[in-house]
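In what follows, a structure is listed as structure tokens, so that the remarks can point back to it.
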Amino acid sequence: MRVPFSYLDRQFANPEPVLDEIRELVKTGQFTLGPAVAEFEKRFAELCGAKHAIGVGSGTDALILPMKLSGIGPGDEVITAANTFIASVGAIAMTGATPVLVDNDEGYVLDPEKIESALTPRTKAILPVHYSGNVANMPAICKLAERHNLLVIEDACQAIGATWNGQQAGTFGLAGGFSLHPLKNLHVWGDAGVVITNSDEFAENLKLYRNHGLVNRDEVAFFGHNSRIDALQAVIGNQLIGETEQNNQKRIQIAEKYDNAFKLLQPQVKIPKREEPVRHVFHLYILRVERRNELLEYLIDKGVEAKIHYPIPIHLQEAAKPLGYQRGDFPVAEEDADLMITLPAHQYLTEEEVDYTIETLKQFYA
Ligand SMILES: *Cc1c(COP(=O)(O)O)cnc(C)c1O
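Here it is as structure tokens:
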């Protein structure tokens with residue numbers, strides 16, 4: 025049996041309905057902004073329980089633009105989680121600010137208890153990452169941010185539909201950034217991203233900022249970027265957005281089944297602590313396991329496409345050299361890099377494939 029990590033070939037086994045919509049767009053010639061983008065933004069905002077959604081060129085831009093628009097730049101420090109996809113840290117660096125890492129907790133999200141000691145007079149913002157589809161402790165983070173007068177911009181790229189006490193990831197801070205990269209829970213056929221915010225003023229400015237600062241064809245309010253979501257990608261987003269909740273539910277079901285099965289494999293297999301207020305949407309289903317590299321090889325040999333997210337912690341990457349970190353600085357993130365394994369847990373897995381994955385892990389540790 026082969027249990028694939030990517031499901032795109034299954035999802036688009038019949039691409040015709042999407043291609044039909046693209047044909048309709050071509051007839052109109054409205055390739056930049058226009059009605060498809062407006063519709064997608066409206067539906068995205070509704071889905072996330074936010075007042076506004078602004079489509080941009082990528083998830084990375086969905087972090088860079090709100091930070092830059094908030095005035096974050098050279099001389100500032102922005103705090104983010106040590107274990108994240110590289111783009112969270114890269115986005116901070118692209119504003120000209122200095123990324124300051126803080127260790128994550130055992131749920132792979134920023135540990136609020138460790139933020140305080142990373143603060144300096146230059147700290148301007150916190151960028152919590154809702155890694156793997158889990159949600160960082162936003163009430164604690166927002167309280168701390170308020171006390172120290174810091175902005176909060178959320179990296180919700182992996183967490184569409186995730187909630188903390190019923191409140192959606194991305195709606196706690198000034199803005200939340202989402203990615204529509206082909207492997208995210210809601211995605212398009214290439215690169216795109218979305219920023220959500222409840223601030224009318226911020227939304228208005230961001231709409232200008234992603235489009236050269238143009239108020240209309242002839243007038244410019246301020247200098248800006250060109251980072252609009254493609255109308256073509258918005259068409260695809262409109263086709264897929266209605267499935268998001270159902271897909272998340274399927275992932276949650278699979279994760280529950282995995283959790284129940286893998287509980288019996290402790291202590292060789294450790295399930296991350298599931299925080300009670302969190303609705304985790306399992307963009308990634310990650311375990312901490314003994315003999316990780318051996319298990320990875322075994323799973324792949326048996327056809328289960330497991331992955332490591334990620335084997336080298338960011339602070340030990342070549343790119344992070346100028347930040348001056350050393351091995352030992354972020355013990356949880358470092359341990360994660362050695363113990364983590366990600367199993368396929370997407371909505372297109374069959375019952376048999378989920379069972380086979382469970383059985384294969386059991387066999388390995390038997
Ligand atoms: C995917 C991702 C991004 C970047 O999104 P792109 O659309 O690939 O630019 C940023 N942060 C996290 C945590 C991500 O998973």
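Its first residue numbered 25, the sequence shown is counted upward by one per residue in my numbering. By construction, the Cβ of each residue, glycine as well, lies at the ideal position given by its N, Cα and C atoms.
| Asked | Found |
| --- | --- |
| Any non-hydrogen atom of ligand 1 closer than 7 Å to Tyr-334 Cβ | no |
| Ligand 1 heavy atom lying under 7 Å from the CB of Phe-399 | Coverage of the chain is limited to positions 25 through 390, which leaves residue 399 absent and any answer about it impossible. |
| Distance CB(Ala-37)-CB(Asn-262) smaller than 8 Å | no |
| Closest by C-alpha distance to Leu-87, when choosing among Pro-296, Ile-110 and Tyr-132 | Ile-110 |
| Whole-Å CB distance - Phe-202 paired with Val-176, under 8 Å assumed | About 16 Å; that fails the 8 Å criterion. |
| Reference Asp-353, options Tyr-380, Asn-128, Glu-63 and Asp-224, closest by Cα | Asn-128 |
| Reduced DSSP category for Leu-319 - H, G, I as helix; E, B as strand; rest coil | helix |
| Given 8 Å, three or more beta-carbon pairs between the region 166 to 173 and the region 248 to 264 | no |
| Whole-angstrom distance between Pro-301 and Ala-74, CA atom to CA atom | 19 Å |
| Spatially closest choice to Glu-314 from Asp-362, Leu-232, Val-356 and Lys-148, by CA coordinates | Asp-362 |
| Beta-carbon proximity check, Gly-217 vs Leu-204, cutoff 8 Å | yes |
| Asp-179 beta carbon near ligand 1 (any heavy atom closer than 7 Å) | yes |
| Buried/exposed call for Arg-47, threshold 16 Cβ in 10 Å | exposed |
| Beta-carbon proximity list for Met-162, same chain, < 6 Å, skipping 5 on both sides | Trp-188 and Phe-196 |
| Helix, strand or coil at Val-239 [DSSP, three-state] | coil |
| Neighbourhood of Gly-81 by C-beta distance below 6 Å, restricted to the same chain and skipping five residues each side | Ser-251 |
| CA nearest to the CA of Asn-229, picked from Val-212, Asp-215, Phe-247 and Gly-214 | Phe-247 |
| Identity of the residue in Thr-384, Glu-318 and Gly-131 nearest Arg-26 by Cα | Thr-384 |
| 7 Å CB neighbourhood of Asn-271 in its chain, flanking five on each side removed | Asn-209 and Gln-371 |
| Distance cut-off 7 Å: Gln-290 Cβ against heavy atoms of ligand 1 | no |
| Simplified DSSP state of Ser-156, which is helix, strand or coil | helix |
| Check: Thr-119 C-beta below 7 Å from any heavy atom of ligand 1 | no |
| Simplified DSSP assignment, three categories, for Asn-222 | coil |
| Check: Ser-30 C-beta below 7 Å from any heavy atom of ligand 1 | no |
| Alpha helix (DSSP H) segment containing Met-91, residue limits | 85 to 93 |
| Short Cβ contact (8 Å threshold) for Arg-275 with Val-305 | yes |
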